[in-house]
Each structure stands twice: as C-alpha cells, then as structure tokens.
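A short worksheet on the structure shown next.
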C-alpha cells in the first residue's frame, strides 16, 4: 500500500520554482530518502506533504488524505520532524511530550508509557525533567523526534534527521528508525543532504537537484542507471610489481568491474600470476558517488543538448529535434534524468 | 489554553509588564493624584476651570475645590486611563502568544499536531482575552479600593456610576478582544514581539486623544456614547477576528517572508 504519493508536485515561491513536477511513491513499512544538496527542494517537499504549504500544481496524498485539505485528520496519523521546529523552551522535556500527547487525545497512561519508551530508546531519559530550552542540540533533535513519535504515527517525515547529531547519537536514531519501519510498519520519508546517513537508514532513494527529481530507486538500480561501476581492490605484497589493467590507489590495486561475479576470476588471475594476495575486496559505490554521477550525467546531457541546439540554430532552424530532452515526471526507477 | 497561560506567566519580563502596567495605571496614578491635590496649598478664591465645570454641571457649586478635582479625576480622566489596562494587557499577551511563538518556531510545531489551525487560533484568542479581562478586573478592584478611600478622605461623591459600569462591562472585555485580535491580525507582517508591541501606539493614541480632550474640558463622553462605542468596537473586533482567523494558516504564516531559506533547502 502506498503511504505517500505525489504526482507532478510543483511549488513556486515568490516567482521561483523550488519544486518541479515531482512524482513519488513510498510504501507502508519502507524507508525512502529524498537526498540532495542545498536548494534541492527536500524541505519544500516535506512541508507540502505535511500540509504546511500548498502545491502550486500537481497533487499529493499521505495515507490517502490530502495534506492541504485534511490537515488535522492527517496529523493524527502523521509525525513530522522539521529542521527547525523546537519544543516549548519553558516546559521540561517530559511536560512537552505530555502536552503533545494531550493534543493527540492520548490518555495519561499511554502517554507515560510511550514517552518512557521513546526517551529510553533515544537515550535521553535522564533529560526528561530539564527545560527544553536548555537541552544540548543533539538531545533537542532527539526530543523533537520523540515529540513526533508520541502518537505512534503511521508515516514519519523527517527533515535533516542527522543534523546536529554526533556519530553515536546518529546511530541511536538510526536504530530507532529501523525499529519503527520494521516493527511498527511505519513509512519513513527522510529529507537529507547527508548521503551516508541516507544510505544507512533507507532502502530506496529519490535523488533531487534544484527542485527536480533526477533519479529514484534502490541503491543498486540507481548505480546501474548512473553507470557507476563496482571496483575490485587487491592488496599485494611489497615489491610484487603491477597487475595489468589495475591502478594503484590508497595502497590497493583497483579496477572497475561491472559485476561482483567477476571477483573470483580476478582473484584467481592475481594468484595465477604468482602474486602474494593479502586482501581482496569489492568496493560498492556509495550513494554520494552515485548522486555525483547522476549530476555529472545530467550536466553532460545538458551540454550536449545545448551544443546540439546551437549547431542546429547555426545550420538551419527546425531540421532536427534534440535527442535527449527528458520529460518531466516520466523517469523510470533507477534511471537518472537530465536536469530540466 | 492552559499552556499559553503558563507560558505567558513563566516569562519574567512579560509577567512584570502584565502586573506593573495595571498597578501603575490603577493604583499608583490615583495615589499620586490624590496626594497632589491633598497637599498642594489652595490659594484663596481658587476655582476649578470653567471648562471642567461645564462637563460636570450636576456638581457645579456643590463641591469644594479638592472635591471638584477628585471628581474630575475619577469621572473624566480615570475611565480612559483604566481602558489602557485591557488594551495593554491584551496586546502584550497576544504579542507573546502569537508572534512570540512564531518567533521561537513553536507555532510551527503546534501546527504539526492534530489540532486544526482554527482551533489553535480560537484557543489563543480566548486565552489572551481571558487573561486581559482578568487582569483588568483585578486592576479595577485595586482602583476601586484606592479611589474609594480617596473619595472618603476628600469627601468627594462616590465615583462608581453608570459610565463607569459601562466602562467595566461591556467596554473592558470588548477592548481586550479588540487589542488581542488586532495583534493577531499583524502576525504575518511582523517578525518579533517587540515589533508587535510597537504597534500598540496605534491603539493607545485614540484613547490618549479622548483623555486629553475630556480632561481639558472640550467634551465628555456620555454613557450612551460609550455604549455605542462598545457595540461598534465589538462589531469591528468580530470582523477582524474572522479576517485574522482566515489568515492563520501555515501557508500564510510561514511563507510570507520572501527569501525564507527553509523553502530553498
């Protein structure tokens, strides 16, 4: 079942398009990251899906409800963590959670049980009696997450989940999110510029740039679509000479390969050549590398398009149409799209 | 509503403002005035200006010099002075409840809860009006005690008559509602609590003008005029309430500022 759907979602703000023709589906019980650099439209997407702003064009639904028109009803089943959405500074962390539980009509026992569970899982139980305004950044971020999860939402939207968190606390949050997706079956949409964190938390990805969805799919389908290859890396003994077709990088002999199935043959070849093989590993491309490749691919296509158009204009107008004009909103899973 | 009340009361600066302003207007000013007219030596043959007598015809020739000034004070000056209390307390509490929360970012957090925007708006308006009316009534109680003692000491007539009753009800709650709604109306235009409080000038100015013309003997607002004013202000408040409630939507509250970075990331 689709927990989140968006079709041709567009948002213009002060005459500027910040999100353009976005299509999206997130299944219940899955985690998707909307990953992209600054100004890619992630926050706008999350705000549109949470009903904080209305689309200029297109439509979206969360749990079958329109965020713009059924906002309060939707919020009863939706949790949202914004980058800047603090708790009440004059109230303690516990009071804040009880206050928001009260708004969601939770009774005292349920509220106590849920807040205790979340505060323990997030490692901030000892801060429960401290004023929210005095909480350290990392604790405040986790407290915001606890607030969003108090009413056991079916969908969680998170903007910049890992911001302000150190490695240890980021892992605590990651564990909780994994638990919620796995055990409580929530749908998670994570907006982030931290590709590494997105890769650790989510199983599918929507890569965004300048308000446009440039690719979407699983890590593997994105890798294939972007044409980013695996790398075989071998560590040989000192003075073992070179391996034909390999280059030396970070003390490892590396070579790009198309499939992990090539690894046994590569190892056998190295051993067959009488090399002392100390280590052999398959280096999988990261989401960050795939994202960069998608951007580079988009730029190449753009340049080709522009050059092609220029040539056509120089010769005679209207003879041929450019070969690679991507259509808005028609991207295939895993297929990178050119920037429009 | 309970959260808004405790939030307002927990801020030292706001609490001081909400307590000290009514205390100053309802207790300190009457005490200073009473002390002044009691201690200032009276020159032989001194008379209250004709303009003031013209506004208090029922007492002309019946009151001594000090009694006349006390009567002029409680009848011509104090109602306008007292009306500043609901106006100021309403505006200050609304500035904190609406603009303060927007400034801190907690309004957006609240908008993500299962309460709809209209309910949040109504709860905030209700809270601010209740607080303002409560503080005004407390201020009146203190004023009543102070002025009654002063009236007894000077032998002036008891001040609480029909124009004062109309000032208390319906003018005070209507004034509270008007100031709260007025501040809620500007939430999309101002960026800080301080900026919101600066707009108080627009609200206070008409009262100051009426106070000046009354106390300088130009005219006196008849109780029927006060009643009409209250009805008109009430009607305006209801209209402003509806306009403000329509504007109280996340889209308008958080997207008004051009170039807001949150919409770009």
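Chains as they are written, first to last, in my numbering: chain A, 320 to 659; chain B, 31 to 295. Beta carbons are placed, not taken as given, at the ideal position from N, Cα and C, and that holds for glycine.
Separation of residue j from residue i, as counted between CA atoms
i                     : j                     : result
residue 282 (chain B) : residue 528 (chain A) : 26 Å
residue 90 (chain B)  : residue 109 (chain B) : 21 Å
residue 470 (chain A) : residue 372 (chain A) : 23 Å
residue 169 (chain B) : residue 80 (chain B)  : 32 Å
residue 88 (chain B)  : residue 196 (chain B) : 20 Å
residue 267 (chain B) : residue 275 (chain B) : 12 Å
residue 557 (chain A) : residue 571 (chain A) : 11 Å
residue 435 (chain A) : residue 583 (chain A) : 51 Å
residue 97 (chain B)  : residue 53 (chain B)  : 24 Å
residue 501 (chain A) : residue 265 (chain B) : 56 Å
residue 74 (chain B)  : residue 95 (chain B)  : 11 Å
residue 600 (chain A) : residue 552 (chain A) : 5 Å
residue 350 (chain A) : residue 363 (chain A) : 19 Å
residue 622 (chain A) : residue 550 (chain A) : 28 Å
residue 415 (chain A) : residue 491 (chain A) : 21 Å
residue 224 (chain B) : residue 273 (chain B) : 23 Å
residue 183 (chain B) : residue 64 (chain B)  : 10 Å
residue 46 (chain B)  : residue 173 (chain B) : 18 Å
residue 428 (chain A) : residue 181 (chain B) : 58 Å
residue 118 (chain B) : residue 238 (chain B) : 13 Å
residue 411 (chain A) : residue 422 (chain A) : 17 Å
residue 627 (chain A) : residue 609 (chain A) : 26 Å
residue 343 (chain A) : residue 468 (chain A) : 23 Å
residue 389 (chain A) : residue 146 (chain B) : 9 Å
residue 83 (chain B)  : residue 177 (chain B) : 21 Å
Neighbourhood of residue i by C-beta distance below 7 Å, restricted to the same chain and skipping five residues each side
i                     : result
residue 438 (chain A) : 444, 447, 465
residue 671 (chain A) : Because residue 671 (chain A) is not part of the residues shown, which for chain A are 320 to 659, the question remains open.
residue 101 (chain B) : 86, 89, 93, 186, 187
residue 649 (chain A) : Residue confidence is low: residue 649 (chain A) scores 37 on pLDDT, short of 50, so the model does not pin down where it sits. Its coordinate-derived value is still stated next. Cβ within range, chain order: n/a, list empty.
residue 564 (chain A) : 574
residue 76 (chain B)  : 95
residue 25 (chain B)  : A question about residue 25 (chain B) goes unanswered here, because the residues of chain B that appear run from 31 up to 295.
residue 456 (chain A) : 483
residue 106 (chain B) : 85, 244, 245, 250
residue 154 (chain B) : 34, 127, 128
Nearest to residue i (by Cα), restricted to the options the options
i                     : options                    : result
residue 114 (chain B) : B:202, B:153, B:106, B:223 : B:202
residue 545 (chain A) : A:534, A:342, A:347, A:334 : A:534
residue 613 (chain A) : A:547, A:501, A:572, A:596 : A:547
residue 248 (chain B) : B:264, B:85, B:162, B:218  : B:85
residue 573 (chain A) : A:560, A:579, A:460, A:554 : A:554
residue 672 (chain A) : A:630, A:479, A:456, A:387 : There is no way to answer for residue 672 (chain A), as the model of chain A reaches only from 320 to 659.
residue 404 (chain A) : B:278, B:112, B:116, B:135 : B:135
residue 440 (chain A) : A:494, A:383, A:587        : A:494
residue 171 (chain B) : B:42, B:43, B:46, B:57     : B:57
residue 234 (chain B) : B:272, B:39, B:111, B:224  : B:111
residue 157 (chain B) : B:214, B:192, B:61         : B:214
residue 221 (chain B) : B:72, B:42, B:131, B:82    : B:131
residue 163 (chain B) : B:211, B:207, B:178, B:243 : B:207
residue 400 (chain A) : A:461, A:611, A:589, A:387 : A:461
residue 129 (chain B) : B:166, B:194, B:210, B:159 : B:210
residue 254 (chain B) : B:192, B:42, B:116, B:269  : B:192
Close-in-space but distant-in-sequence residues of the same chain around residue i (CB under 6 Å, 5 per side omitted)
i                     : result
residue 141 (chain B) : 280
residue 339 (chain A) : 329, 530, 531
residue 442 (chain A) : 491
Beta-carbon contacts of residue i that lie in its chain and below 8 Å, excluding the five residues immediately before and after
i                     : result
residue 615 (chain A) : none
residue 99 (chain B)  : 67, 78
residue 602 (chain A) : 549, 550, 551, 552, 573
residue 246 (chain B) : 81
Closer than 7 Å at the beta carbon, the chain C residues around residue i
i                     : result
residue 278 (chain B) : No chain C is part of this structure, whose protein chains are labelled A and B.
Residue i CB to nearest heavy atom of the ligand GTP below 7 Å
i                     : result
residue 440 (chain A) : Questions concerning the ligand GTP fall outside what the structure shown contains, since it holds no ligand whatsoever.
Worksheet item: Which residues, taken in chain order from the segment 400-418 of chain A, show a beta carbon closer than 8 Å to some beta carbon of chain B?
Response: 401, 402, 403, 404, 405, 406, 407, 408, 409, 410, 418
Worksheet item: Along the segment 382-395 of chain A, what residues have a CB closer than 9 Å to any CB found in chain B?
Response: 387, 390, 391, 392, 393, 394, 395
Practice prompt. Could you tell me whether the segment 122-141 of chain B touches the segment 214-232 of chain B, using the rule of 3 or more Cβ pairs below 8 Å?
Written response: Counting Cβ pairs under 8 Å, three or more are found: they touch.
Worksheet item: On the three-pair Cβ rule with 8 Å, is the segment 388-404 of chain A touching the segment 472-479 of chain A?
Response: A contact exists between the segment 388-404 of chain A and the segment 472-479 of chain A.
Worksheet item: Relative to chain B, which residues along the segment 423-456 of chain A have a C-beta separation below 8 Å, given in chain order?
Response: Answer set for the segment 423-456 of chain A: 423, 424.
Worksheet item: In chain order, what residues of the segment 101-128 of chain B put their CB closer than 9 Å to some CB of chain A?
Response: So the list is empty, because no residue satisfies the distance condition.
Worksheet item: Is the segment 557-566 of chain A touching the segment 586-597 of chain A in the sense that three or more CB pairs, one from each, lie closer than 8 Å?
Response: Touching, per the Cβ criterion.
Worksheet item: Relative to chain B, which residues along the segment 366-379 of chain A have a C-beta separation below 9 Å, given in chain order?
Response: 366, 369, 370, 371, 372, 373
Item to complete: Taking only beta carbons into account, state which residues of the segment 137-153 of chain B come closer than 7 Å to chain A, listed in chain order.
Response: 138, 139, 141, 142, 143, 144, 145, 146
Fill in: Validate contact between the segment 407-423 of chain A and the segment 31-38 of chain B using beta carbons, cut 8 Å, 3 pairs
yes
Worksheet item: Counting pairs of beta carbons, one from the segment 488-503 of chain A and one from the segment 333-351 of chain A, are three or more of them closer than 8 Å?
Response: yes
Discussion item. Taking 8 Å as the cut-off, does the segment 321-341 of chain A touch the segment 367-382 of chain A (at least 3 CB pairs, one atom from each stretch)?
Written reply: yes
Item to complete: Can you give me, in chain order, the residues of the segment 39-52 of chain B that have a beta carbon less than 8 Å from any beta carbon in chain A?
Response: Look at the segment 39-52 of chain B: the residues with a C-beta under 8 Å from a C-beta of chain A are 40, 41.
Discussion item. If the cut-off is 7 Å on Cβ atoms, which residues from the segment 72-89 of chain B count as contacting chain A, listed in chain order?
Written reply: none
Practice prompt. Scan the segment 160-187 of chain B for residues whose Cβ lies nearer than 9 Å to a Cβ of chain A and list them as they occur along the chain.
Written response: none
Worksheet item: the segment 263-274 of chain B: which residues have C-beta closer than 9 Å to a C-beta of chain A, in chain order?
Response: none
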